[in-house]
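So the structure is just underneath, and the comments pick up after that.
As structure tokens, then:
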């Protein structure tokens, strides 16, 4: 009976493991299409290998000891008086110390190299995009082009994109997994992110912070295109009859779920500033350095 129970448990665990691993077949973060995403993937891989230097030997030795000192093994050496081993002491202190030093250097180096506020080096003029997290959709404003869109972002391949990000609702997180790391969107504040796409594609973007009942459908598409295709996209947006002033914005920002893509041929040039400023008595805060100025609530 115990044998059948054990075999049944192993079968269930095996099936569960296969189901779990099947969800890892298409991890966007491990299939980067931009230099920032590639550097972050390499960082994840390096950190994982460093962790495995400790984890694999521990698991292997645990299984070895369990097998060697099993009850049925009458040849295992019994040492009740054993209390010290210089070799073991050296190993258990030296290896973790070296790993910690390695990770410390790696953390310092990667923290500065992958600083989301650090502009990307490029000979190409960057595109500026203002991002507003709403319930439950994303608003993208192109201040230099005077246009805006909902739940669709476009930019040319090989062109740095400078994002300035805020929220007009609860805190959220802006994330395009194949292009780079996420960064928070907070009401009354603005954060920054710099990304680039090295390959043309239609990339998934999402909200990475739970923000209410419509959170699961708070998604957008990031279109990395050729310059000509981007210009055609801009022309299509400018052909829209919809215009985004403050009155129209109040309608657009109302909570909705599964919001379709929308285009706005013109935008109030102070819209992004006003969205942030109304939380801070008319002031605009840039990241956490001004966090001592607490948001005052919507005006």
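Residue numbers (UniProt numbering): 1 to 299. Heads up, the beta-carbon is just placed ideally off N, CA and C, and yes, glycines get one too.
Just to confirm, are residue 147 and residue 237 a CB contact at a threshold of 8 angstroms? yes
Close-in-space but distant-in-sequence residues of the same chain around residue 76 (CB under 7 angstroms, 5 per side omitted): 68 and 69
Could you have a look at residue 183 and say whether DSSP puts it in helix, strand or coil? strand
What's the C-alpha gap between residue 91 and residue 72? 30 angstroms
CB-CB length for residue 145 against residue 194, believed under 8 angstroms: That belief does not hold up - the Cβ atoms of residue 145 and residue 194 are roughly 18 angstroms apart, past 8 angstroms.
Look up residue 205 in the DSSP assignment and give the residues it is bridged to. 220
Could you compute how far the alpha carbon of residue 30 sits from the alpha carbon of residue 178? 8 angstroms
Short check: CB of residue 188 to CB of residue 135, under 8 angstroms? no
Per DSSP, cross-strand counterpart(s) of residue 69: The partner list for residue 69 (beta bridge, DSSP) is empty, contrary to what the question assumes.
Helix, strand or coil at residue 39 according to DSSP, with G and I counted as helix: helix
Once DSSP output is grouped into helix, strand and coil, what is the label at residue 46? helix
Return yes when the Cβ of residue 129 is within less than 8 angstroms of the Cβ of residue 170, no when it is not. no
Under 8 angstroms between C-beta atoms of residue 46 and residue 106: yes
Using only CA atoms, which one of 222, 221, 255 and 271 lies nearest to residue 243? 271
Close beta carbons around residue 176, own chain, < 6 angstroms, minus the five adjacent residues each side: 203, 205 and 222
Beta-carbon separation of residue 263 and residue 149 under 8 angstroms? yes
Pairwise C-alpha distance: residue 184 and residue 117: 12 angstroms
In chain order, what are the residue ranges of uninterrupted beta strand (DSSP E) at least 3 long that sit wholly in the region 115-171? 127-134, 137-142, 147-150, 152-156 and 161-167
How is residue 256 classed by DSSP in three states: helix, strand or coil? coil
Would you kindly work out how many angstroms separate the C-alpha atoms of residue 364 and residue 228, rounded to a whole number? Residue 364 is absent from the model: the chain starts at 1 and stops at 299.
Is the distance from the Cβ of residue 217 to the Cβ of residue 258 below 8 angstroms? yes
Hey, how far is the Cα of residue 28 from the Cα of residue 246? 36 angstroms
Below 7 angstroms CB to CB, which residues in the same chain sit around residue 126 once its five sequence neighbours on both sides are set aside? 159, 160, 161 and 162
Could you please give the first and the last residue of the uninterrupted beta strand (DSSP E) stretch that includes residue 264? 262-264
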